[in-house]
Each structure stands twice: as structure tokens, then as C-alpha cells.
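In this note's numbering, the protein residues as written are 742 to 803.
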């Protein structure tokens, strides 16, 4: 049961992550170029913020 939920979550992440490159590949390319120029600290803060928002959303949904 747990493996099914984990694989379902992974599948949803892959689907959601693939939507933007499919719809707007030039925009994604520009976003990656901007991210490559960001300072490491800024990228870490962005990643931490994303994780915390995900945890909050998971807490609220569950």
C-alpha cells in the first residue's frame, strides 16, 4: 500500500514537472539559464521554501 502511494506521488511529480517544458520549452530554457546565474544561497533558499510549502500543503490536505 505504501509503495503504491509513493509511486503514485512520483508519477504525479513527473507529470506536473513535464507540463511546462511541453507547453513552453523556450520559457523553461530561459528559466534554467536564470537559475544557473543565481547564487548558491538563493537557490538553496528557493529549494527550502518550496519544500516547506509542499510540507504545509501536504499537512493541510492530509
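Cβ coordinates follow ideal geometry from the N, Cα and C atoms, glycine included.
Residue state for residue 770 is assigned as helix, using DSSP reduced to three classes. Here the alpha carbon of residue 801 sits roughly 21 angstroms from the alpha carbon of residue 748. Between the alpha carbons of residue 758 and residue 767 lies a distance of about 15 angstroms.
In this chain, residue 803 is not harboured by any alpha helix (DSSP H), its DSSP state being neither H nor E.
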